[in-house]
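A.B. asks: First the structure, which I've put down as structure tokens, then a few questions once you've had a look.
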Amino acid sequence: MTPLENANRTNEGVVVKGFVLSPVVEQCTGCDRIREFEGQQFCSSYPLPEKKWLSGRCNFATHVKVQSSSAAKVNPLKASKRAAKGGR
Ligand code: SF4
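Residue numbers for the sequence shown follow the numbering used here, beginning at 1 and rising by one.
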């Protein structure tokens with residue numbers, strides 16, 4: 001596990017560059033941005049991993065693939081229809 005850089009243990013908790021960090025949450029397991037400090041795991045990109053997952057998937061997560069949306073499937077169809085009409 002990569003160590004957390006510039007981390008300090010203070011009365012407020014683990015602080016990096018003035019930000020107090022909270023440990024990663026269960027959903028973070030497997031993410032490349034996890035760093036270790038004093039036996040705990042933290043996120044290198046976000047101080048509050050728990051909040052990052054409250055409203056859905058963390059947008060920094062490296063281990064969760066974005067599901068291909070229906071829009072992505074529709075676009076090639078539209079393109080081929082346009083091509084069939086001669087570009088109009
Ligand atoms: S980037 Fe997101 S998923 Fe990865 S460790 Fe940080 S908060 Fe967790």
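Glycine residues also receive a C-beta, built at the ideal position from the N, C-alpha and C atoms.
Helix, strand or coil for Arg9, going by three-state DSSP, please let me know.
C.D. replies: Sequence index remark: in the sequence shown, residue 9 carries index 9 (1-based). Three-state DSSP puts Arg9 in a strand.
A.B. asks: Distance, Cα to Cα, Glu36 vs Val25?
C.D. replies: By 1-based counting over the sequence shown, the position of residue 36 is 36. By 1-based counting over the sequence shown, the position of residue 25 is 25. Approximately 13 Å between the Cα atoms of the pair.
A.B. asks: With distances taken Cα to Cα, identify the nearest neighbour of Cys31 among Gly56, Met1, Val20 and Lys81.
C.D. replies: Here the question's residue 31 lines up with position 31 in the sequence shown. When only C-alpha atoms are compared, the closest one is Met1.
A.B. asks: Using only Cβ atoms and a threshold of 6 Å, which residues come within that distance of a heavy atom of the ligand SF4? Order them by chain position.
C.D. replies: After applying the 6 Å Cβ criterion, the set is Val24, Cys28, Cys31, Arg33, Ile34, Cys43, Ser45, Tyr46, Pro49, Lys52, Cys58, Phe60 and Ala61.
A.B. asks: At which residues does the beta strand (DSSP E) containing Glu26 begin and terminate?
C.D. replies: Against the sequence shown, residue 26 aligns to sequence position 26. Note, Glu26: premise wrong, no beta strand (DSSP E); not H, not E.
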